[in-house]
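What follows is one structure encoded as structure tokens, with my remarks underneath.
2 protein chains.
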Amino acid sequence: MVKKVGVAILGLGVVGGGTYQTLVEHHDFYLKTQQVDITVEMVLDRALDRLAQLGVPQEIIAKNIEEVLANPNVDIVIETIGGIGVAKDFVTAALREGKTVVTSNKELICKYSHELERIAKRNHCGLFYEASCVGGVPIIRTLLDGVQANHIQSMMGIVNGTTNYILTKMTYEGADYAEVLKEAQKLGYAEANPTADVEGFDSMYKLSILSSMAFHTKIPYTKIFREGIASVSTKDIAYGRELGYTLKLLAIGKNTEKGVEVRVHPTFIPNSHPLASVNDSFNAVYLRGDAVGDVMLYGRGAGALPTASAVVSDVIYAATHSEIKYSTFKNNATADKSTNFISDFSSAYYIRLSVADETGVLAKISSIFAKCNMSIVEIAQRGKSEVGENGQHRVPLVVITHKTTENRVKNAVAKINATDIGTVNAVIRVEE
Amino acid sequence: MVKKVGVAILGLGVVGGGTYQTLVEHHDFYLKTQQVDITVEMVLDRALDRLAQLGVPQEIIAKNIEEVLANPNVDIVIETIGGIGVAKDFVTAALREGKTVVTSNKELICKYSHELERIAKRNHCGLFYEASCVGGVPIIRTLLDGVQANHIQSMMGIVNGTTNYILTKMTYEGADYAEVLKEAQKLGYAEANPTADVEGFDSMYKLSILSSMAFHTKIPYTKIFREGIASVSTKDIAYGRELGYTLKLLAIGKNTEKGVEVRVHPTFIPNSHPLASVNDSFNAVYLRGDAVGDVMLYGRGAGALPTASAVVSDVIYAATHSEIKYSTFKNNATADKSTNFISDFSSAYYIRLSVADETGVLAKISSIFAKCNMSIVEIAQRGKSEVGENGQHRVPLVVITHKTTENRVKNAVAKINATDIGTVNAVIRVEE
């Protein structure tokens with residue numbers, strides 16, 4: 031029993047173009063293996079040369095969104111425009127027409143999933159967005175249909191390929207941040223304006239979507255602590271390696287009895303942790319469930335075809351599971367207000383200081399940490415003595431703490447900076 | 031809109047017991063997050079002390095299978111007995127009664143999925159078996175609903191925890207196979223009769239199920255080449271490490287234009303491959319799809335709660351997706367006969383020889399490989415000269431070949447063994 035499905039694609043850039051090609055080239059394969067006959071009924075994009083380059087037949091090029099929405103053969107609208115401008119208008123209009131939407135748009139889903147899901151529900155159509163998070167890796171499907179028997183206790187993800195590429199280069203080639211960023215921009219791995227990636231906004235949107243699903247409560251992105259990689263130094267990466275840690279930009283969500291902790295920041299993890307060997311532009315999400323234990327999904331988090339894989343898998347899912355219309359967490363009505371967000375979160379820390387090269391300094395620094403109720407795992411001098419601005423000899427000191435809290439660390443850093451024996455140059459959180 | 035679902039559990043051993051506990055303890059959680067009210071209506075197990083230990087109330091203990099099947103409140107039957115004796119009879123009877131079955135039984139599904147699915151279809155009920163492969167890792171859900179947009183070109187899996195535990199110990203502690211096996215048996219990681227695990231039968235069943243789904247055609251286990259780990263030597267593991275390879279028991283499926291290749295055997299993979307760092311009893315499956323590229327799923331492949339996670343996730347899936355009744359590949363009717371199975375498969379090889387410690391031996395060995403159309407990447411003497419049975423001085427020689435075929439290797443091995451200058455002591459396939 032073959033099911034006929036017509037789709038329209040809005041925006042044929044990298045992901046939309048990959049989606050078009052995947053659907054056209056795999057038509058017969060899906061017919062045979064999934065019993066769905068998927069036809070691209072319409073496409074909408076102002077870049078007509080791009081459409082020509084993709085070989086899109088003239089007769090399926092729509093003039094405007096109205097033409098797409100008026101087409102009764104279009105069952106599913108694929109939105110691969112991005113951003114929250116026209117993309118939001120078009121998605122809203124499609125849902126109002128009762129057309130199921132499949133989107134790769136993380137910012138849209140992060141900011142407006144509630145609103146859009148209400149519209150979808152009212153109009154008896156579906157909203158699917160596997161492609162919005164971690165490209166081709168089926169992390170949303172896994173959270174919804176694969177490990178849903180579990181209380182998810184934590185998730186840690188490398189969910190941005192650009193920053194992982196940069197950190198990998200800094201780690202294994204010792205290159206500086208600015209240098210690697212420039213190279214990444216030349217190769218097309220980083221955008222001309224890299225802010226969304228390197229400052230952690232992209233990871234933050236994805237963490238909002240994924241932790242909302244994992245923890246069955248809306249996690250607004252405004253509640254997420256965010257720190258990017260722009261001030262990460264190659265020196266700290268190297269010192270960390272010597273101590274057995276690898277630096278990654280992690281999106282971390284924890285769901286404890288005390289509340290929810292959500293944060294994006296450069297993080298040291300043990301070299302033996304499965305996430306530590308996720309390199310280059312690869313992504314991975316590491317989940318801990320109360321029954322299943324630790325689970326990791328690994329793959330390409332971006333790119334035309336990997337993301338198209340997620341878009342098209344959603345299209346097939348939508349076409350073959352007509353009962354399941356809302357691919358999101360189910361208790362969104364009441365959960366928001368009851369969630370307690372922890373801002374003074376707990377973590378171990380790597381702290382690099384520059385201290386006076388004098389007898390007794392180590393004891394003085396240690397006693398400041400002790401007074402701030404922070405317990406130290408390791409304290410070690412790294413590198414050689416240097417002459418500082420004021421002519422004082424200075425030496426780098428690296429401290430690894432036991433688990434403590436943000437506020438205690440801030441307090442200790444302020445106390446040390448107020449002395450004349452040391453300055454804190456870097457603070458990096460450590461997860462096990 | 032809450033959905034009421036009654037389940038019965040047949041067999042409350044490790045997995046069945048974990049399933050019972052998970053369902054009871056998470057009842058309210060599933061009600062809240064999944065809108066399903068799942069009640070364990072009946073359990074069936076002859077070990078009444080085990081049931082008492084689990085705290086099963088007297089009134090839900092069934093006397094026999096007939097009582098379970100006659101209970102109109104039982105919508106879903108969970109089979110966690112194992113094997114193909116009563117398990118098969120009970121599953122068949124349940125499906126004939128129109129009750130959806132969720133099972134963790136790999137041997138049953140590997141050998142009888144076709145027959146059981148026909149019965150399920152005829153009786154309008156479902157058959158689900160995520161728990162039959164790789165414990166809590168949602169690999170079946172991923173193949174069916176996560177990467178179904180792809181032609182899956184290959185899969186490589188570490189799908190047996192016992193053998194991975196043994197190989198990890200041999201690799202990192204240099205212990206001998208027999209020694210580690212004994213320890214694993216003492217710790218309960220290996221069974222008293224370890225054949226199913228160490229000889230690769232368990233991996234073979236799982237590969238049959240997973241490759242059937244991935245390649246959309248029935249892969250009978252009888253078509254799978256199988257070699258276990260019982261004759262793996264610690265020496266080869268150590269030599270391989272020196273050359274940059276880690277030894278794993280891999281279940282490998284390849285779907286090429288020429289046909290399907292399916293095999294289970296000890297395999298060297300580069301140390302940098304994500305599967306190389308999957309250690310101890312952890313499992314992982316590495317897929318390559320034509321759109322998504324490389325994807326890996328990692329987690330616990332066995333154990334009470336991880337496997338219960340898969341069983342219960344299937345129960346929730348079955349309860350909330352009433353349209354989707356057959357969790358298997360869809361074109362099973364005709365595919366079998368058209369599939370071409372390749373037995374003379376291609377691979378690179380690690381070959382360890384013991385050769386006479388004389389000038390010119392290396393040249394002679396090399397020329398035999400050349401005559402057999404095998405090209406060599408690396409040939410190196412390892413370890414020290416030893417005196418052999420006939421008083422001849424012998425030295426270990428390790429050869430890494432380029433990609434070649436099984437038959438060529440067999441031919442070269444026979445030719446070398448026929449000379450008086452060398453004997454082949456180990457042949458291990460190498461994958462990239």
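Protein sequences, first through last, are from chains F and V. Here the first sequence stands for residues 31 to 462, numbered as in this note's numbering. Here the second sequence stands for residues 31 to 462, numbered as in this note's numbering. Glycine included, C-beta positions come from ideal geometry on N, C-alpha and C. Quantities reported herein were computed from a predicted structural model and do not represent experimental measurements.
- With a minimum length of 3 residues, there is no unbroken run of beta strand (DSSP E) contained wholly in the region 35 to 61 of chain F.
- Judged by DSSP secondary structure, residue 275 of chain V falls within the beta strand (DSSP E) whose first and last residues are 275 to 286.
- In the displayed model, residue 222 of chain V falls within coil according to three-state DSSP, outside both helix and strand.
- Ranking V:121, V:79, V:305 by CA distance to the CA of residue 39 of chain V puts V:121 first.
- Between residue 106 of chain V and residue 193 of chain V, the gap from beta carbon to beta carbon reaches 7 Å or more.
- Just so you know, the alpha carbons of residue 375 of chain V and residue 326 of chain F end up roughly 31 Å apart.
- Assignment of beta strand (DSSP E) within the region 280 to 339 of chain F, counting only whole runs of 3 or more residues, yields 289 to 300, 312 to 319, 323 to 330 in chain order.
- Across the structure, residue 320 of chain V and residue 174 of chain F are spaced so that their CA atoms are roughly 25 Å apart.
- By alpha-carbon distance to residue 86 of chain V, the top candidate from V:162, V:71, V:224, V:177 is V:71.
- With a threshold of 7 Å between beta carbons, residue 84 of chain F makes no contact with chain V.
- The continuous beta strand (DSSP E) containing residue 73 of chain V extends over residues 66 to 74.
- Looking at F:68, F:117, F:241, F:268, the one whose alpha-carbon comes closest to that of residue 342 of chain F is F:68.
- Where residue 148 of chain V is concerned, the enclosing alpha helix (DSSP H) starts and stops at 136 to 152.
- Judged by DSSP secondary structure, residue 99 of chain V falls within the alpha helix (DSSP H) whose first and last residues are 95 to 100.
- Excluding five sequence positions before and after residue 344 of chain F, the CB atoms of its chain that fall closer than 6 Å to its own CB belong to 132, 158, 160, given in chain order.
- Taking a contact to require three or more Cβ pairs closer than 8 Å, the region 387 to 404 of chain V and the region 306 to 321 of chain V do not qualify as touching.
- Along the region 308 to 332 of chain F, the positions whose C-beta sits under 7 Å from a C-beta of chain V are 319, 321, 322, 323, 324, 325, 326, 327, 328, 329, 330, read in chain order.
- Residue 177 of chain V: not part of any beta strand (DSSP E); DSSP gives it neither H nor E.
- For residue 410 of chain F, the three-state secondary structure derived from DSSP is strand.
- The criterion of a C-beta distance shorter than 7 Å is not satisfied by residue 112 of chain F and residue 330 of chain V.
- In the pairwise beta carbon analysis, the region 212 to 232 of chain F is classified as touching the region 250 to 269 of chain F: at least three pairs are separated by under 8 Å.
- Residue 251 of chain V and residue 141 of chain V have their C-alpha atoms roughly 8 Å apart.
- Not a single C-beta of chain F is nearer than 7 Å to the C-beta of residue 206 of chain V.
- With fewer than 16 other CB atoms across the displayed protein chains lying within 10 angstroms of its CB, residue 408 of chain F is exposed.
- Chain-ordered, the chain V residues with CB closer than 7 Å to the CB of residue 180 of chain F read 339.
- Here the C-alpha atom of residue 264 of chain F lies approximately 16 Å from the C-alpha atom of residue 213 of chain F.
- Taking 7 Å as the threshold, the shortest C-beta distance from residue 54 of chain F to chain V does not fall below it.
- For residue 95 of chain F, no CB of chain V lies under 7 Å from its own CB, so it is not counted at the interface with that chain.
- For the 7 Å CB-CB criterion, residue 425 of chain V and residue 443 of chain V do not form a contact.
- A Cβ of chain V is located within less than 7 Å of the beta carbon of residue 346 of chain F.
- The DSSP-derived three-state label of residue 204 of chain F is coil.
- Contact annotation, residue 285 of chain V with residue 245 of chain V: C-beta distance approximately 5 Å; criterion of less than 8 Å satisfied.
- DSSP places residue 446 of chain F in the helix class (H, G or I) of the three-state scheme.
- Between residue 398 of chain V and residue 372 of chain V, the alpha-carbon positions lie close to 26 Å from each other.
- Neighbours of residue 168 of chain V across chain F, judged by C-beta separation under 7 Å: 172, 176, 177.
- In summary, residue 220 of chain F is buried, with 16 or more beta-carbon neighbours lying within 10 Å of its beta-carbon over all protein chains present.
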